[in-house]
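Peer 1:
Number of protein chains: 2
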Amino acid sequence: MRLLLVEDERRIAADIASALAAAGYVVETVRDGEEAWFRGDTEDYGAVILDLGLPGMDGLAVLKRWRSNGRHMPVLILTARASWAERVDGIDAGADDYLPKPFRMEELLARLRSIVRRTAGHSSSVVSAGDIMLDERQMKVSVRGVPIALSPLEYRLVAYLLRHRGRVLSQHELDENVYGHGEDHDSNALEVLIGRVRKKLGPDLIETRRGFGYLVPETPA
Amino acid sequence: MRLLLVEDERRIAADIASALAAAGYVVETVRDGEEAWFRGDTEDYGAVILDLGLPGMDGLAVLKRWRSNGRHMPVLILTARASWAERVDGIDAGADDYLPKPFRMEELLARLRSIVRRTAGHSSSVVSAGDIMLDERQMKVSVRGVPIALSPLEYRLVAYLLRHRGRVLSQHELDENVYGHGEDHDSNALEVLIGRVRKKLGPDLIETRRGFGYLVPETPA
DNA sequence: AATGACCTGACAATTGGCTGACATGGATCA
DNA sequence: TGATCCATGTCAGCCAATTGTCAGGTCATT
């Protein structure tokens with residue numbers, strides 16, 4: 003699972019990141035509010051760990067802005083300022099949980115598991131484009147009602163494409179979100195993957211924008 | 003909304019109860035673990051506020067027993083003992099949130115709102131999927147009316163799967179909820195368990211989603 | 001027509017999951 | 001105490017699905 007860690011103190015960030023990595027998460031770290039907001043708004047993370055004491059935009063403001071933009075990923079707030087008023091603010095701003103510093107890494111992991119577990123399957127769950135329907139809860143894809151079996155990678159690709167339909171997605175962006183890493187550009191794995199998906203779901207779902215990337219057109223209601 | 007408040011100190015209990023009442027909840031108060039367990043097991047509450055330091059049965063034990071009996075109401079744990087290890091235990095025992103004493107009433111209310119909001123839309127004691135019926139009160143499973151004996155672990159697995167049918171459940175999530183802990187990932191115990199359950203309940207109940215986990219499909223009414 | 005971007009089919013290495021057999025350890029009972 | 005049973009974990013081998021790679025192809029743009 004891919005996580006966004008928002009923490010400005012390098013040492014703390016590094017500690018947390020390595021613990022999370024050891025627990026099997028893919029972690030991206032950012033250090034200021036602006037950047038955090040942008041990432042959280044444009045990328046898909048399984049959860050966000052958000053420090054409140056940030057340079058740039060304040061953590062709570064970032065969170066509120068995500069929520070009002072319809073971004074519902076689970077958010078765990080982290081802060082040294084442990085006043086009760088702030089905890090209330092955090093929870094009412096849409097945080098899923100709240101962890102005062104200092105804390106044990108075990109507790110961070112437990113709470114993270116907990117919020118991820120809780121929010122699994124709260125996402126709006128069914129997306130469609132053209133003849134294709136994607137049910138994110140069941141991880142099922144169907145074409146005109148006929149269910150189609152997809153491999154894990156194929157599914158991740160389709161899910162990402164459909165969630166961001168109506169936008170041109172660069173190969174780099176897809177690489178990053180389908181595989182966990184940036185790109186190895188001496189491989190055409192992604193192109194092959196696209197091909198496989200087209201073979202299963204039909205050639206019309208994914209349009210190629212030569213030189214730019216791929217596009218799943220928005221279906222007019 | 004009807005709440006169960008489990009707290010042995012009369013003054014604290016009275017304070018909380020009146021604050022909750024003022025906020026519009028209907029509150030029932032009990033003072034010891036045994037009684038708490040019995041009430042929580044037989045009555046339906048919108049949420050439970052559970053103190054851990056109890057005479058009679060320990061709060062955590064009460065919670066675990068509820069959960070293993072399939073009682074899913076949201077539970078907010080309350081305790082003076084604020085060690086991190088205990089918080090982890092509480093969350094892993096199935097608590098929805100955790101509030102260390104002392105706290106402000108506002109924070110209690112905020113957290114309560116939060117867990118109630120999150121768990122909206124759960125509960126009922128008989129679940130079915132396909133030919134399988136699970137009665138959580140009696141901890142009984144039957145296939146087309148024929149009761150099937152399951153071992154404790156098998157039961158926990160089936161109960162968790164059925165409660166969350168219609169969603170793909172990762173091996174990690176199952177590990178966490180069937181065994182009490184995160185995983186020893188060099189063991190295929192879960193796979194073996196799945197196999198055993200399939201042998202008893204038939205091969206069609208649990209679908210494998212290679213690379214993602216398992217799914218008990220929702221039965222269309 | 002040249003260029004570079006993209007597509008495709010084949011192939012092999014790897015992985016993930018299933019199964020049967022066995023080991024362990026606790027409970028029960030004579 | 002010892003015999004036995006049951007629940008559960010471990011292990012090794014098996015099989016099939018998955019996926020990266022590569023070697024050409026095709027296509028749009030200049």
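The listed protein sequences correspond, in order, to chains A and B. In terms of the working numbering, the first sequence opens at residue 3 and continues consecutively. In terms of the working numbering, the second sequence opens at residue 3 and continues consecutively. Cβ coordinates follow ideal geometry from the N, Cα and C atoms, glycine included.
Buried or exposed for residue 68/A, going by 16 or more other Cβ atoms inside 10 Å?
Peer 2: Here residue 68/A refers to the residue found at position 66 of the first sequence. Buried, by the Cβ-count rule.
Peer 1: Can you find the residues in the same chain that come closer than 6 Å, C-beta to C-beta, to residue 33/A, ignoring five residues on each side of it along the sequence?
Peer 2: Mapped onto the first sequence, residue 33/A falls at position 31. Cβ within range, chain order: 10.
Peer 1: Kindly list the residues whose CB is nearer than 8 Å to the CB of residue 116/B, restricted to its own chain and excluding five residues on each side of it in sequence; keep chain order.
Peer 2: Locating residue 116/B in the second sequence gives position 114, where the first residue counts as 1. Closer than 8 Å at the Cβ level, and outside the excluded window around residue 116/B, lie 99.
Peer 1: Quick one: grab the DSSP three-state call for residue 49/A.
Peer 2: On the first sequence, position 47 is the one that residue 49/A refers to. It is a strand residue.
Peer 1: Using a C-beta cutoff of 8 Å, does residue 154/A count as contacting chain B?
Peer 2: By one-based count along the first sequence, residue 154/A stands at place 152. With 8 Å as the cut-off, residue 154/A counts as an interface residue toward chain B.
Peer 1: By Cβ distance, which residues of its chain are closer than 8 Å to residue 109/A, with the 5 residues on each side in sequence left out?
Peer 2: By 1-based counting over the first sequence, the position of residue 109/A is 107. Closer than 8 Å at the Cβ level, and outside the excluded window around residue 109/A, lie 101.
Peer 1: What residues in the stretch 123-149 of chain A have a beta carbon less than 8 Å from any beta carbon of chain B?
Peer 2: From the stretch 123-149 of chain A, only 123, 139, 140, 141 have a Cβ closer than 8 Å to chain B.
Peer 1: Which whole-angstrom value is the C-beta distance of residue 145/B and residue 204/B, which I expect to be below 8 Å?
Peer 2: Within the second sequence, the letter at position 143 stands for residue 145/B. Within the second sequence, the letter at position 202 stands for residue 204/B. So it is a contact: roughly 6 Å between Cβ atoms.
Peer 1: On the three-state DSSP scale, how would you describe residue 221/B?
Peer 2: The sequence position of residue 221/B within the second sequence is 219, counting from 1. Residue 221/B falls in the coil class under three-state DSSP.
Peer 1: State the Cα-Cα distance for the pair residue 24/B and residue 107/B, rounded to the nearest angstrom.
Peer 2: Counted from its first residue, the second sequence places residue 24/B at position 22. Counted from its first residue, the second sequence places residue 107/B at position 105. So the alpha carbons of these two residues sit roughly 11 Å apart.
Peer 1: Under 8 Å, CB to CB, which of the residues in the stretch 51-74 of chain A have a partner in chain B?
Peer 2: Within the stretch 51-74 of chain A, no residue has a Cβ that lies closer than 8 Å to any Cβ of chain B.
Peer 1: Would residue 29/B count as contacting chain A if we go by Cβ distances under 8 Å?
Peer 2: As a working note, residue 29/B is residue 27 in the second sequence. Taking Cβ atoms only, chain A never reaches closer than 8 Å to residue 29/B, which makes this a no.
Peer 1: What runs of the alpha helix (DSSP H), each 4 residues or longer, lie entirely inside the stretch 114-171 of chain B?
Peer 2: You should have 154-165.
Peer 1: What is the DSSP secondary structure of residue 8/A, counted as helix, strand or coil?
Peer 2: In the first sequence, residue 8/A corresponds to position 6, counting from 1. Note: residue 8/A maps to strand in three-state DSSP.
Peer 1: Could you check whether the stretch 43-54 of chain A touches the stretch 75-84 of chain A, counting it as contact only if at least three pairs of C-beta atoms, one from each stretch, sit closer than 8 Å?
Peer 2: With the cut-off at 8 Å, the stretch 43-54 of chain A and the stretch 75-84 of chain A touch.
Peer 1: I'd like the list of long-range same chain contacts for residue 143/B, defined as Cβ closer than 8 Å, with 5 residues on each side in sequence excluded.
Peer 2: By one-based count along the second sequence, residue 143/B stands at place 141. Around residue 143/B: 134, 135, 136, 137, 149, 150, 152, 157, 160, 203.
Peer 1: My assumption, with CB atoms under 8 Å, is that residue 6/B sits in contact with residue 41/B. Please give the rounded CB distance.
Peer 2: Sequence index remark: in the second sequence, residue 6/B carries index 4 (1-based). Sequence index remark: in the second sequence, residue 41/B carries index 39 (1-based). So it is a contact: roughly 6 Å between Cβ atoms.
Peer 1: Are residue 180/A and residue 211/A close, meaning C-beta to C-beta below 8 Å?
Peer 2: Position 178 of the first sequence, counted from the first residue, corresponds to residue 180/A. Position 209 of the first sequence, counted from the first residue, corresponds to residue 211/A. Going by C-beta atoms, residue 180/A is not nearer than 8 Å to residue 211/A.
Peer 1: If the criterion is Cβ atoms closer than 8 Å, does the pair residue 192/A and residue 177/A meet it?
Peer 2: Reading the first sequence from its first residue, position 190 is the one you call residue 192/A. Reading the first sequence from its first residue, position 175 is the one you call residue 177/A. Yes, they are a contact pair.
Peer 1: For residue 177/B, report the span of its alpha helix (DSSP H) as first-last.
Peer 2: For this step, residue 177/B is matched to residue 175 along the second sequence. Here the alpha helix (DSSP H) through residue 177/B covers 173-180.
Peer 1: DSSP state of residue 79/A, grouped into three classes?
Peer 2: As a working mapping, residue 79/A is identified with position 77 in the first sequence. Reduced to three states, the DSSP call for residue 79/A is strand.
Peer 1: Once you ignore the five residues that flank residue 8/B on each side, which residues in its own chain have a CB closer than 6 Å to its CB?
Peer 2: Taking the first residue of the second sequence as 1, we reach residue 8/B at position 6. 32, 38, 52, 53, listed in sequence order.
Peer 1: 8 Å is my cut-off, CB to CB: does residue 223/B come that close to chain A?
Peer 2: Translated into the one-based positions of the second sequence, residue 223/B becomes position 221. Any answer about residue 223/B is weak, because its pLDDT of 47 lies below 50 and its placement is not dependable; what the coordinates show is given next. Taking Cβ atoms only, chain A never reaches closer than 8 Å to residue 223/B, which makes this a no.
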